[in-house]
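Mapping to this note's numbering: the sequence shown position 96 is 227, numbers consecutive.
A virtual CB, placed ideally from N, CA and C, is assigned to each residue, including glycine.
As the structure is a prediction and not an experimental result, all values here were calculated from the model.
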Amino acid sequence: MHVQVVLFDGFDPLDVIAPYEVLYAGGSASDGAVTVELVSAEGPREVIGGTGGLALRATGTLDLERADVILVPGASGRVGEPGEVPEEEVGTGERERDGFVPVLLGRTLTTGLPALLKEAMDDPDITVASVCGGSLVLAMAGLLEGRHATTHHLGFDLLDATGAHAVRARVVDDGDLITGAGVTSGLDLGLYLLEREVGSRIAHAVEVLFAHERRGTVWRAQGPTPTTL
């Protein structure tokens, strides 16, 4: 299983590093059955994240011929709507240091990423995964209509508005689409990917190594629809 984690300007570093480390450790525990790399739609470059300008380097290009799993992170920045100015900054004339999360996510739509993600979603041999606001990148690109997905709790209204079926669960498995909820869910999503694709022994070994007990529910699109409780 080769995983490509996508970087874009303003990405949330924890959305990237948490699953990257879990998957890298899974590769070590499985004699190389899992490999993972950081990529961007534009190719190798230094990509500036949204948390204090922290940068990571994409070492490759998003390549659908090589990827078995493509993982999309969310963005890090101010929550709220563009145009809101915190009270302590009113009248200071200082430029905002951090962008608003909806703006950072929306900027991905002006890049080559949405077209590549659409190709990936159309390819039955590729699993697309996301952490936190990464599912909103997919949703705003029109790729999640009718699909079950989760995201950060502040993004549920937007996810619903795009035609996706928002599910309040830590990880949502909708076949070739796997999404994680809040930022730290990247740990749980990474462990679930290991369990699903490589096996529970490898996932458990990494869980023990990281001293992390998986949280929340993994929701799967299986079984009958429950009646209203």
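Within 10 Å of its beta-carbon, does residue i have 16 or more other beta-carbons around it, so buried, or fewer, so exposed?
i    : result
E218 : Unreliable positioning characterises E218 in this predicted model, as indicated by a pLDDT of 45, which lies under 50. The coordinate reading is nonetheless provided below. When all chains shown are included, E218 counts as exposed.
A160 : buried
V210 : exposed
R226 : Because the pLDDT of R226 is 37, which lies under 50, any placement of that residue in the model is unreliable, and the number read from its coordinates should be weighed accordingly. Result: exposed.
V137 : buried
V221 : Per-residue confidence for V221 stands at a pLDDT of 41, beneath the threshold of 50, marking its modelled position as unreliable; no derived number is given.
A295 : buried
S316 : buried
G163 : exposed
A251 : buried
V259 : buried
V298 : buried
E276 : exposed
P119 : The requested residue 119 is not part of the displayed model; the chain covers only 132 to 360.
V339 : exposed
A342 : exposed
T190 : exposed
A270 : buried
Y151 : buried
Can you name the residues that DSSP bridges to residue i?
i    : result
G171 : It is Ser, not Gly, that sits at residue 171 in the sequence shown. According to DSSP, which records beta bridges pairwise, S171 is partnered with T192.
E122 : With the chain represented from 132 up to 360, any question about residue 122 goes unanswered, as that position is not in the structure.
A260 : L202, I309
V349 : V302
H296 : H279
T166 : H133
R209 : F231
F142 : A206
Taking C-alpha atoms, which residue in the options lies nearest to residue i?
i    : options                : result
G237 : V314, A206, H283       : A206
Q361 : R278, D288, D291, M132 : Beyond the ends of the chain as shown, which are 132 and 360, falls residue 361; an answer cannot be given.
V306 : A280, A297, D319, F287 : First, the residue type needs correcting, since residue 306 is Gly and not Val in the sequence shown. When only C-alpha atoms are compared, the closest one is A280.
H284 : L274, F341, P355, G265 : G265
L185 : L322, G273, G208       : G208
G141 : V349, Y151, M132, T182 : T182
V302 : T348, R332, V259, V232 : T348
R171 : V134, A156, G158       : A small fix is needed here, since residue 171 is Ser in this sequence, not Arg. For S171, the nearest C-alpha among the options comes from V134.
A334 : M132, G157, Y151, P150 : G157
P369 : F341, P355, V268, E173 : Here the chain covers residues 132 to 360 and nothing more, so residue 369 does not appear.
V165 : E276, L322, E344       : L322
R345 : A300, L193, P357, T356 : A300
M132 : E173, G286, G330, F231 : G330
L193 : Y155, I257, G230, T293 : I257
P204 : T282, W350, A292       : T282
A272 : L235, A246, E173       : A246
G286 : T358, F231, R351       : F231
List the whole-angstrom C-beta distance separating residue i from residue j, where the pair is believed to meet the contact cut-off of C-beta under 8 Å.
i    : j    : result
D319 : G311 : 7 Å
L244 : F139 : 6 Å
R188 : L169 : 7 Å
L290 : L274 : Contact doesn't hold; Cβ gap of about 12 Å is too wide.
V153 : V337 : 6 Å
Below 8 Å, can you find three or more Cβ-Cβ pairs linking the stretch 239-250 to the stretch 177-190?
-> Verdict: no, contact absent.
Can at least three beta-carbon pairs, one atom from the stretch 258-273 and one from the stretch 132-150, be found at a separation below 8 Å?
-> Counting C-beta pairs closer than 8 Å gives three or more between the stretch 258-273 and the stretch 132-150, which meets the contact rule.
With a cut-off of 8 Å, do at least 3 Cβ pairs link the stretch 182-197 to the stretch 322-334?
-> With the cut-off at 8 Å, the stretch 182-197 and the stretch 322-334 do not touch.
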